[in-house]
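Below is one structure, written out as structure tokens; the observations come after it.
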Amino acid sequence: MMRAQSLCFLVSILVTILHVGYSQNSWDYYVFSVTWPPTYCESIQCRLPRGLRDFTIHGLWPTIFPNRQPNCTGSLRFDIRRLQGIRNELDLMWPHLKNYRESPSFWKHEFEKHGLCAVEDPQVFNQYGYFKFGIQLMQKLNLLKTLMKYRISPHDSRQYDTINLMNVLEREFGYNGSANCIRKPGRRGMYHLEEVHVCLNRKHEFMNCPFLGNCPKKFIFPPFQ
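Last residue of the sequence shown: 225 (the working numbering), numbering continuous.
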């Protein structure tokens, strides 16, 4: 009897450990989010890197289906020295838009909140691999050039159909993404494109994003000033 009770107790502990491990770090797919600085900086004061004229990386987020963030934990600590080999790319592609000089603190936040889950991916493995993967995705998307190829170019008043943006993503990468917009203060009914998301499975293959963005039927794609 005592042996059976002990066995049940051990099993319950094991189940609890497995459950805690899953709830903290297990995840299903990546969301790769890029930001359009002209829209982001309409409502806040930004200090952008010199020469920036493109989308920037917001984050690379391991995600639980359909769209929930895991609680990422781990023993790795962010170390800026490990990013020296890709520092120039990070400064321009993954800056802190409020103040580019504070980008290392932004990277630290992203790594501790999301990267600690991503390092479970053998193809990512560590801090350097996490940020390198983000850079590679940004280069592969080449989103501004891709949109302009389909005549979706920055303009201060021209409106574009959201469905056309989604069609571009599907045509170029084979799967649907999502887009978020912000309503322009003082211009009734006008929404500006702020972020675009694409999704990848754990094999780093593009997939349909299992969530919708908030852009209405039409949006404005404002230029840099």
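Virtual Cβ for every residue (Gly too), placed ideally from N, Cα, C. Quick caveat, the model's predicted, so the values are computed rather than measured.
Just to confirm before moving on: does the CB-CB distance between residue i and residue j stay below 8 Å?
i	j	result
K181	F211	Residue 181 is actually Cys in this sequence, not Lys. No, these two residues do not count as a Cβ contact at 8 Å.
P226	P222	Here the chain covers residues 1 to 225 and nothing more, so residue 226 does not appear.
F162	P122	The question names Phe, but residue 162 in the sequence shown is Thr. No, they are not a contact pair.
M166	G177	yes
V168	A179	no
W27	C117	yes
W107	F125	no
V119	G74	yes
For residue i, does the count of other Cβ atoms within 10 angstroms reach 16, so buried, or fall short, so exposed?
i	result
W65	Note on identity: in this sequence residue 65 is Phe, with Trp being the wrong assignment. F65 should be labelled exposed.
Q127	buried
M148	exposed
I152	buried
F224	exposed
S33	buried
F206	buried
C209	buried
Would you mind working out which of the options sits nearest residue i, comparing C-alpha positions?
i	options	result
Y29	S43, I44, E42 and W61	W61
R183	V31, T35, F32 and E42	E42
E110	W36, Q84, D156 and V31	V31
E228	G213, G186 and G85	No answer is possible for residue 228: the residues shown for the chain start at 1 and end at 225.
R275	G129, Q69 and R158	No statement about residue 275 is possible, as the shown extent of the chain runs from 1 to 225 and does not include it.
F78	N71, P104 and R68	P104
Considering residue i, what are the terminal residues of the alpha helix (DSSP H) in which it resides?
i	result
T35	Not the alpha helix (DSSP H): T35 falls in the beta strand (DSSP E), residues Y29 to T35.
For residue i, report the span of its beta strand (DSSP E) as first-last.
i	result
E89	Here E89 belongs to no beta strand (DSSP E); instead the alpha helix (DSSP H) covers R87 to M93.
Point to revise | the region 89-105 contacting the region 49-58, beta-carbon criterion three pairs below 8 Å | key: Pairwise C-beta distances place the region 89-105 in contact with the region 49-58, as three or more of them are shorter than 8 Å.
Practice item. Mind the definition here: the region 99-107 touches the region 140-154 only if three or more C-beta pairs lie below 8 Å; say whether that holds. Key: No contact exists between the region 99-107 and the region 140-154.
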